[in-house]
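These notes are about the structure you will find just below.
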Amino acid sequence: MSKIDRFEDLEIWKIANAIAVDVYLLCDNEPLKSDWGMKDQIRRAACSMSDNIAEGFEYNNNPDFIRFLNYAKGSSGEFRNKIVILNRSGKIEETPFNDFYLRSIEFSSKTKSLIEYLRKFEADKKRKKV
0 MSKIDRFEDL EIWKIANAIA VDVYLLCDNE PLKSDWGMKD QIRRAACSMS
50 DNIAEGFEYN NNPDFIRFLN YAKGSSGEFR NKIVILNRSG KIEETPFNDF
100 YLRSIEFSSK TKSLIEYLRK FEADKKRKKV
């Protein structure tokens, strides 16, 4: 894996950021526009995914980054739960629901892979020191 100098270059950040932007746009329209509570919660969950990647990356060490990647993955689960609720309650149509759901699954999967890679890298680094 090549060295990445900016969180903006991470594919998972790009996916998460695009989801957050699309959620903001979705919430500008009814029925979410008037649902202040859910609108706030779903925006926060969506933004938290990319926020945690950015914050963890900027600590500039793998253990902290891994911790924040786990938070981002958790936020993806929270986001996915909210869109399921919105879909089942008829507040979000099937097409945007499916799109958000699939992208959040992709995000979670790729984030999990990066976490596993970084954990292995850190474990290998410790073994080499001994």
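Going by numbering that gives the first Met the number 0, the sequence shown opens with residue 0, and the numbers climb by one from there. Idealized CB from N, CA, C, for every residue including glycine.
When the beta-carbon positions are compared, Ala44 and Lys81 come within less than 8 Å of each other. The three-state secondary structure of Asp34, taken from DSSP, is coil. Rounded to the nearest whole angstrom, the CA to CA distance from Gly55 to Met48 is 11 Å.
If you ignore the 5 residues before and after Cys26, its C-beta comes within less than 8 Å of the C-beta of Lys32, Lys38, Ile41 and Arg42, all in its own chain and listed in chain order.
Three or more Cβ pairs closer than 8 Å define a contact, and the region 5–20 falls short of that threshold against the region 88–96. The straight-line gap separating the alpha-carbon atoms of Phe99 and Ser75 is approximately 10 Å.
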